[in-house]
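Residue numbers (the working numbering): 31 to 170.
So, in structure tokens, the structure goes:
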């Protein structure tokens, strides 16, 4: 056996232990740091999610249509006025105007049933907001 080989091995073993200890302490330090950040991240994510939901519901609330204050005359209402009615979008409003132009004025509110997409149930929801005034001149 050579002189000092035991001390070299002991030094290497000691260095290896120090390296392992340094690695472990770095891992623990990183874990502690992560533990300290996690509650903040959770809080920020929660606040962000609440804000997103609030924005979505606010946008949905603004998209609600306000029905007209007084009933619209189906024979004189414009596209924009017809679109204020519940359940009537741009396509159905165009269909109503197109029907009126091709077939003449509406004689009664129930004539809306010939428009595609207007069912009896939808007609009952529309009834308080629409009317047919006057005596239409054209016959169909």
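Heads up, the beta-carbon is just placed ideally off N, CA and C, and yes, glycines get one too. Treat the numbers as computed from the prediction; the structure is a model and nothing was measured.
Secondary structure of residue 102, DSSP reduced to three states: strand
Whole-Å CB distance - residue 130 paired with residue 105, under 8 Å assumed: 7 Å
Those residues which DSSP pairs with residue 160 across a bridge: Residue 160 has 102 as its beta-bridge partners, per DSSP.
Alpha carbon of residue 133 to alpha carbon of residue 141, nearest angstrom: When only Cα atoms are considered, residue 133 and residue 141 end up about 11 Å apart.
Cut-off 6 Å between Cβ atoms - residues of its own chain near residue 148, not counting five sequence neighbours on either side: 142
N-terminal and C-terminal residue of the alpha helix (DSSP H) that residue 108 is part of: Per DSSP, residue 108 belongs to no alpha helix (DSSP H) and is neither H nor E.
Alpha helix (DSSP H) segment containing residue 122, residue limits: Unbroken alpha helix (DSSP H) run through residue 122: 120–133.
Residue 72 in three-state terms, based on DSSP: helix
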